[in-house]
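Asks: Numbered by the working numbering, the letters in the sequence shown go through residues 867 to 1047 in order.
Just so you know, even glycine gets a beta-carbon here, dropped at the ideal spot from N, CA and C.
This structure is a prediction, so every number in the text was calculated from the model and none was measured.
Below is the structure I would like to discuss, written out as structure tokens.
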Amino acid sequence: MALVWPVYNGREPTRGGPWANISAPDAISLFELSEADFLSDLDKTPRFGDQRREFFHEGFRHIVIEIEPDEARRSGLKPGFYISRVDPEEAFRRLIEHAFVGALGSENVVRVEYSSTTDSSGNDAIRITVVIAPGAVKRLREGAALDALVRLRERLRDMREERNPIIEYATEAELAQNAGH
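Right under this line is the structure:
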């Protein structure tokens, strides 16, 4: 598997675990990796910026993908750490979308958008809009929406995202219609 690490600049590049553990082909596709993105072998943790200081207050600055030897052989890349050109905010969105695609199917998910909001109790929440393809509802297997919710909650937990998700499903046409009102 490939580990997706959100990384800080400075002496300590991570806190906690990776955001996701996904297949190397998925990681290569989601994070647009190539051989040119290789940073280091697995025995050397990559670091960025001034290593004499801590920069946690600046938030995540990079996405680093760790590809283990078994996955590397299957993917055509060598084992090690790779840096993604995808910024952490977009990586967060792509990992949320990946959870939905895994449960609903790529033919049914057009894209996923998210934004910060508050729930009915005034607590911080994350609004997730899943844009589905026309006719997707008819194609979904029974229980797919529940599976999607379970996968999303697992992904958010792994990403240490504590906000409660508020999920809405809509087609492009429904979004356009709602925007017109």
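For residue 1003, count the other beta carbons within 10 Å of its own beta carbon; 16 or more makes it buried, fewer makes it exposed. Which is it?
Replies: exposed
Asks: Under a Cβ-count criterion, where at least 16 other Cβ atoms within 10 Å of its own Cβ denotes burial, should residue 881 be classed as buried or exposed?
Replies: Around the CB of residue 881, fewer than 16 other CB atoms lie within 10 Å, so the residue is classed as exposed.
Asks: Give me the Cβ distance between residue 1016 and residue 930, rounded to the nearest whole Å; I'm assuming they're in contact under 8 Å.
Replies: Not confirmed; about 27 Å, so no contact.
Asks: Going by DSSP, name the residue or residues bridged to residue 983.
Replies: 991
Asks: Using only alpha-carbon positions, find the residue among 1009, 888 and 875 that is nearest to residue 962.
Replies: For the residues 1009, 888 and 875, the minimum Cα distance to residue 962 belongs to 888.
Asks: CB residue 914 to CB residue 923, shorter than 8 Å?
Replies: no
Asks: For the beta strand (DSSP E) that contains residue 906, what are its first and last residues?
Replies: 904-906
Asks: Should the stretch 996-1011 be regarded as contacting the stretch 971-988, the criterion being three or more beta carbon pairs within less than 8 Å?
Replies: yes
Asks: Can you say whether residue 946 is buried or exposed, counting buried as having 16 or more other CB atoms within 10 angstroms of its CB?
Replies: By the 10 Å Cβ count, residue 946 comes out buried.
Asks: Going by the CB atoms, is the gap between residue 1018 and residue 966 shorter than 8 Å?
Replies: Yes, they are a contact pair.
Asks: CA-CA distance, residue 875 and residue 925?
Replies: 9 Å
Asks: Taking Cβ to Cβ, would you say residue 978 is nearer than 8 Å to residue 959?
Replies: With a cutoff of 8 Å on beta-carbon distance, residue 978 and residue 959 are scored as near each other.
Asks: With a cut-off of 8 Å on the beta carbons, I'd call residue 1036 and residue 995 a contact; round off their distance for me.
Replies: The C-beta distance from residue 1036 to residue 995 rounds to 6 Å, short enough to fall under 8 Å.
Asks: Helix, strand or coil, according to DSSP, for residue 947 in the structure here?
Replies: Looking at residue 947 - three-state DSSP - the assignment turns out to be strand.
Asks: With a threshold of 6 Å on Cβ separation, who are the neighbours of residue 903 within its own chain once the five nearest residues in sequence on each side are excluded?
Replies: 948 and 949
Asks: Check each candidate in 877, 1043, 956 and 896 and name the one with the smallest Cα separation from residue 921.
Replies: It is 877.
Asks: In angstroms with no decimal places, state the Cα-to-Cα distance between residue 890 and residue 1038.
Replies: 31 Å
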